[in-house]
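2 protein chains.
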Amino acid sequence: MSAIPDTPPSTGPIRLGATADTALRPTEGPVVRTGFWAARQQVNARVGIPQGPFLLESAGNLDDLRLAARGTVGKYRGDYPFMDSDVYKWLEAACWQLARVRPDVPEGRRLADDVERLIGLVADAQRPDGYLNTWFQAGRGEGPFTDLRWGHELYCAGHLIQAAVAHHRATGRTGLLEIARRFADHIDSVFGPVGSGKRIDGFDAHPEVETALVELYRETGERRYLELAGYFVDGHGHGLLGGEAYCQDRVPVREARTVEGHAVRQLYLLAAVADLAAETGEVELRAAGERLWSAMAATKTHLTGGVGAHHDKEEFGDPYELPTERAYCETCAAIASIQFSWRMALLTGRARYSDLIERTLFNGFLSGVSLDGERWLYINPLQVRDGHDDQGGDKSARRTAWFRCACCPPNVMRLLASLEHYLASTDDDGIQLHQYAAGTFRGETAGSPVVVSVNTEYPWDGRITVSVDESPAHVPWTLSLRIPQWCARFTVQHGQQTFDETSALVEDGWLRLTRTWQAGERVVLELDIEPRLTKADPRVDAARGCVAIERGPLVYCLEQIDHPGGGLDDLVIDTTHPLAAKHRPDLLGGITTILATGYRQNIPPQGWWPYPSGPTSNADASGAAANGRIELTAIPYYAWANRQDGAMRVWLPAV
Amino acid sequence: MSAIPDTPPSTGPIRLGATADTALRPTEGPVVRTGFWAARQQVNARVGIPQGPFLLESAGNLDDLRLAARGTVGKYRGDYPFMDSDVYKWLEAACWQLARVRPDVPEGRRLADDVERLIGLVADAQRPDGYLNTWFQAGRGEGPFTDLRWGHELYCAGHLIQAAVAHHRATGRTGLLEIARRFADHIDSVFGPVGSGKRIDGFDAHPEVETALVELYRETGERRYLELAGYFVDGHGHGLLGGEAYCQDRVPVREARTVEGHAVRQLYLLAAVADLAAETGEVELRAAGERLWSAMAATKTHLTGGVGAHHDKEEFGDPYELPTERAYCETCAAIASIQFSWRMALLTGRARYSDLIERTLFNGFLSGVSLDGERWLYINPLQVRDGHDDQGGDKSARRTAWFRCACCPPNVMRLLASLEHYLASTDDDGIQLHQYAAGTFRGETAGSPVVVSVNTEYPWDGRITVSVDESPAHVPWTLSLRIPQWCARFTVQHGQQTFDETSALVEDGWLRLTRTWQAGERVVLELDIEPRLTKADPRVDAARGCVAIERGPLVYCLEQIDHPGGGLDDLVIDTTHPLAAKHRPDLLGGITTILATGYRQNIPPQGWWPYPSGPTSNADASGAAANGRIELTAIPYYAWANRQDGAMRVWLPAV
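The structure is reproduced here in C-alpha cells:
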C-alpha cells in the first residue's frame, strides 16, 4: 500500500479572511502526485512524520506534557523552555499530512491515532485557566509571563494555535482548536492595547503568536484575535524587552529600513506583518513588508536563499555580509523566509517573491533534510573546508538525527506536508502558477472554476506542459506563468503560436496568456536551463573572484567525495571551459550533475607565516593551468552531505 | 611632574626558576624612556591604570569583595562569575607600574595607596580556609568547585596569584603573596594527581591558574605549585569537563595537532605548557608548544596577529578560516598570544616567536586601546562595512569605556606596564634584542654584565642604533639583532664594515655580531621599511583578490573619514601605482600615512537579487579605472576608530 496521497490535500495554511484584500488568493485543493517534490513529500510522509512521536518521546517533550498534567513541580526534560513547540510543530505537520492520506489505510489510521494521542497529552497539560507551558508549569522560571525575553510562552502558544488550525482544517475536529482558543483567550485576557486595562508592557521576544493569531482569526472569524496580533506586532521596537535587535525590539517594524537581529524571529514577525496587511489593508504595514523584503533579498540573502549571516545570535549581518563557511542559514530561517515571501506574493501579486521562494525551496531549505528523511542540518553553510574541525552538535556540518534545539526538523515536516499550497494562486481572473511541479491546480474566474494540470520533470528538465482541464465556456481568463528570475531565455508554445523572452506577454516576471480557454488546450513552456556561471555583487566580499554553478533553480556545489586525490581548498574553476550537464539516475536519488574544468592552485611553499609581501606574493591561481586539468563534478547543493562527511563549496575561485 | 618612569622597571613577569632550562633568559631591569612604546606606556600610566579603582568601583567588583568580606549571602554585582579577576588584573598592572614610579612623588603615593586599599579588600574577602571567590561566596552557584566548567574560580585564583607575584616583585611586600599562597594551598589541598587522595576529576575550563602556579613556584621556590600546574595542564583533554574544545577538554595538549576552541583559553593553557617545559625540561611539552604555535601562526592568525575567527564561543576556526568583518580577534587573545610566544622565544631562542610578538604588539594588540587610553575594543575586526549596523555592547566596533565582560582593559594595562620585559633577553653569551625600542637593556656574558642602549624612531624609521654601554674587557660576546620576518632588505654598519641581508651573519632570523666589544662602540641597523603590498595564502578565502598595505611592522587600513564622497565597500586599489609614505606629526598622535591610488568599482545596477548570471556578470573591478582615480589614505591599523565611527578595511580589493 502506497503512502502517496490518494485524496487531494484540500486544506492548507492561509485561508484568507472574509474582508482580506490581496492581489492573489490561495488555491483550494492543489495536488502534486509525481516528480521532484512528490518524492520529497513521500519521504516526509513515510519517514519524517512517522518518526515524530518516537523522537518527541525520547527527547522528553512528551514527558514534559505529562509532568504538567500532574500539576506538580518536577524535573523538566530538555535544555530549552520551548520544548512544547516541537510537539505542536509536529502536530501541525501531521495534520496537513492527515488531509492527504486516506483514513482507512493503515498509515492513515496510525497517523490519526498518533495525532489524537498527542492532542490528549496537550489537553491534559493545559491549566484550567487556559495557560499551557510545561517549562513554567514544571516550576522553571519565575512564573507565567515573567520572562518574555526568554520564556517563549507566546511563541509556543503560536505553534499550538497553528497546529490547532491545521487540525481543524484537516479533520473538521475541534478538540485542539478549543485548547488553542482557551490559551488564546487567556493571553487576550492578559495582554492588550493601551486603554484596555491589560498588560501593555510586552510581547514575546520570539515572534510566532502573531501570525498564528491571524490564522486563528481566519479560522474562527473572531476579530479580537486579529487585533491581538496587531497589538503584539506593534509592541516590538519600543524597548519594552530591552531594545535589542535580537528580540526584534530595537526599531518598530513600520519604521525599520532593513531586516536585522535573529533571522527566524525577524521573518516570523514579517510574515505576521504581511498577514495583517492582507487582513486589514493597512498600507503602512504593506509598505514595511515590501521594503524589508527588498532589503533582505538584495543585500542579506545567500545564493541558496539561506538567510542569517551570523552564528552568534543567529542573526542577519550587515548588507553584503554573506560569508561562506560561516553562513548560518538556519533551516528554520529558510522556512520563515518562504512563509514571509508567500504572504507577500499573495498580497502584491509580484513574481519576485516566488522567485525567492523557488530558490529557497530547492536549495537553502531542502538541504536541511537528508535524502532518506532521517537526518537534518540546522545550519546550511556554503562551504566546508578541507579537514573541517567539526565538533558535532546542533551546529554541525554533519547531518544529525535530532537536535538539542529541535526546531528545524518538524518545521521541515510541516512545510513539506503543505507544500502544494505555495505553488499556485488564483484571483478573479484566472490562475497563476508560481512554481512548477507535476500536479493539478484549481483557480477560478468570475465565480467559475478553472483547473489546470502541469506535467514536467522540472527541475531536471525545463519543459513544463500546462493542460486546461476545466474552464468556463465563453469566459476569457488569464493563465499566468512565472518566468523565473534565473531564466534568460524561454519559449512558450500554444497551438501554432510560439513566443519567447522578447514577447510583450511578459510583465514583471509573469507571462500572461489571456483567452477563452477550452478544456484540453495545452501550453508548453520551455525554460532554458543550460548550466550557467553566476557571480555576486562586488560588495559580497566572501565571493570575490569566485563563480557559482547553477542550472535552472538549482545551486550546485563541489563535494570532496567526487574529487579524490586532493582537497577542495586549492581548486579553481576555469571559466573559459564549457559546462556540461549529465543526468545520473543512479546518484543521490537521481540528479543532473554539472561537469566543469578546473585546476589546483599553486600554493606557495608553506612557511610559518601565510602572508607573503612583495613580488613573491603572486603565486596563486595564475599559472595554475600548468598543474594540469581536473574535471570538476558539481552536484545540486540540496543533495550535499548525503554520502560522506567532507569538504564542500558553492563559490569556486575562478580563473 | 611627569609620570614618565624615573626608576628602572627592575621587575617583571617570568623569573625563571633555579633549574629552568631555556635557550634564553629574561633580562633584568630593561628601561624604555622615549619613543613609540614609551608614549603608550605613559598614557597607560597617566590615564589607564589610575582609572582602574573608579571603574572597578562603579562596575561593582569592589562591592563584591565587600560582600564576601561580610560573609553573608547578598546581591552579587555584575553578570559574570569572574568579576574578581578584573580586580586582580588591575592589581597586577598597578604593581608593575609601581616598580616604574618613584614612591615619593604624588602619582607613586596615590598608586601605592590604591594598591594597598584594594589588597585590603581582597584580604578581608578571603575565607579562613584560603578560598576566595565572591560569586560563590555571594551564594551564586552550588558552592566552591562545583562548576568547573563555568565557575572560573581557579581562573580568578590564577589572576590573584599573578597579581601577588607582581606585588612581591615590585614592592618586596608579602601581604598579597600570603593571600595568594593561602588560596593556592587550599586549591592544592583539594586537587591533585591520581594517588594523592585528592580530587582528580577536574580543572578550570578557563586556564590561567596553570601559568600562575608556575610563577608562584618561581617566586617561592615551592615545587608543589609547579607540580599542581602540571596536574592541571595534563587534566585537560580527557573529557572530565564534558570534552568540549571550548573548555580545552577535547584533546590532551600533548596530542593536539592544532589550536582549537576558545582562543584565550587555548593560549593561556599553551603559555603554561611553555612554562612547564622551561621549568621541567619535558620534551613532549616543548614539542607540543612548538607544534601548536606553528599551526596557529601558519593557518589561524590574522595579518594583524589577532587570533580567534569566531564570535560564537570566541574560538579558533578552521585552518585558513580568517574572516575580515567577523574576525573576532579578542584583545585578550592577542595578549595571550604574546605571552605564549614570549615563553616559546625564551625556551627555544628562535626569532619567529618574536616576529609574531612584534606583529601582534603593533597591530592586533594595540588596536585594543584608544590613543587617549580611555576607550577599548574587545574585538578587533579587519573590516567594518559602510553603514555597519553596530548594536553597541562588548562586541562593538566602536570604542567603549568599559565592558560588561571587562577582561580586556586591565589585561592591556598589565602588558603595557611590563612591556620592557618582552623586548630583550640574555644568555651566557650576550644579549638579544627581540624588539626595537629606544632604551637600555642589560644582559650578561660569562657572569659579567653587558649593557646596550638603543636609539631609534622605530616603527616610523627603520634606523636602529645600538651602543655598547658596558662590556667586560677582553671577553667576546654576541650582540644578536632580530631581522624581522617582514624585512626583505637591510644594512648593518659597524665601524668601517657594512653587511646586508646577503650576509652569512644572519641565521634563522638573527643577525649575530660576535666580538670583544668596547664601551662606546656602535652598531647601526637600517631596516628597509618602504611601504609594501601583502597578499594572503590563496586558501585564505576572505582575502581573495585583495592586498594589504604594510610598512615595517605596521599593518595599515583605510578609514571612512579619510575618504569622503563615498563609502569604502566599492573601493579598489590599483596595485600598479606606487605607494608613498607621508609622516603626519599632526595626525593621531603622529603617524606615517601611506598614500595609494584606487578607483570605485562599477557596481551593477541594483535589482532585487544581487547574483547576476551569465555575461552580464562581468561588471566589477575591471574597467573601474574609467571612474577616475581616487587617492587612498591608509593609516596604521592600531590607530583606527580614534576619530570617528565608520567603515574601515585592511584587505583591499586589487586591480
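Top to bottom, those sequences are chains P and G. Count along the first sequence from 1, then add 1; that gives the number in the working numbering. Count along the second sequence from 1, then add 1; that gives the number in the working numbering. The beta carbon of each residue, even a glycine, is placed where N, CA and C say it ideally should be. All of these numbers come straight from a predicted model, not from anything done at the bench.
- If you compare the alpha carbons of G521/G, V48/G, A337/G, A257/G with that of D470/G, the shortest gap goes to G521/G.
- Counting every other CB atom within 10 Å of its CB across the protein chains shown gives S59/G a total below 16, marking it as exposed.
- Looking at the DSSP output, Y600/G bridges to V573/G.
- The distance from the Cβ of E228/P to that of Q163/P is about 19 Å, inconsistent with a contact at the 8 Å cut-off.
- A Cβ-Cβ contact shorter than 7 Å links N62/P with V88/P.
- Listed in chain order, the positions of the stretch 245-272 of chain P with a beta carbon within less than 8 Å of a beta carbon of chain G are E245, A246, R251, T259, E261.
- For G121/P, the uninterrupted alpha helix (DSSP H) run begins and ends at 107-126, by DSSP.
- For chain P, the residues of the stretch 564-586 of chain G that bring a beta carbon within less than 8 Å of one of its beta carbons are D570, D571, in chain order.
- In the structure shown, S454/G adopts extended strand secondary structure according to DSSP, grouped into three states.
- For L92/G, the secondary structure class from DSSP, reduced to helix, strand or coil, is helix.
- Rounded to whole angstroms, the separation of the alpha carbons of K90/G and L383/P is 41 Å.
- Counted as a single uninterrupted DSSP element, the beta strand (DSSP E) harbouring W478/P occupies residues 478-483.
- The Cβ of A398/P sits no closer than 7 Å to any Cβ of chain G.
- L357/G is the residue among H237/G, N603/G, H435/G, L357/G whose C-alpha sits nearest the C-alpha of W610/P.
- Between F366/P and P31/P, the CB-CB gap reaches or exceeds 7 Å.
- S481/G has its alpha-carbon roughly 38 Å from the corresponding atom of D105/G.
- Interface criterion met: the Cβ of Y612/G is under 7 Å from a Cβ in chain P.
- V548/G and T576/G do touch by the CB rule: their CB atoms are close to 6 Å apart, below 8 Å.
- Within chain P, the residues whose beta carbon sits less than 7 Å from that of R533/G are S614, G615, listed in sequence order.
- If you draw a 10 Å sphere on the C-beta of S472/P, you find 16 or more other C-beta atoms in it, and that means buried.
- The DSSP-derived three-state label of P27/P is strand.
- The C-alpha of R200/G lies about 5 Å from the C-alpha of F192/G.
- When C-alpha distances from P532/G are compared across A489/G, A298/G, Q392/G, G121/G, the shortest belongs to A489/G.
- The three-state secondary structure of I336/P, taken from DSSP, is helix.
- In chain order, D85, S86, Y89, K90, E93, E209, A213 place their CB closer than 8 Å to the CB of H160/G, counting only its own chain and leaving out the 5 sequence neighbours on each side.
- Contact annotation: C330/G and H303/G have beta-carbon atoms nearer than 7 Å.
- With respect to chain G, the C-beta atom of H389/P has a partner C-beta closer than 7 Å.
- The beta-carbon separation of I592/P and A635/P, rounded to 10 Å, does not stay under the 8 Å limit for a contact.
- The continuous alpha helix (DSSP H) containing T281/G extends over residues 264-281.
- At a cut-off of 7 Å between C-beta atoms, A298/G counts as an interface residue with respect to chain P.
- Scanning its chain for C-beta atoms nearer than 8 Å, with the 5 sequence neighbours on each side dropped, one finds around D571/P the residues R601, Q602, I604, in chain order.
- Per DSSP, Q52/P is one residue of the alpha helix (DSSP H) stretching across 50-60.
- DSSP lists I636/P as the beta-bridge partner residues of C558/P.
- In this structure, DSSP gives V525/G an extended state, which the three-state scheme calls strand.
- Collapsing the DSSP output to three states places P654/P in a strand.
- No Cβ of chain P is located within less than 7 Å of the beta carbon of S338/G.
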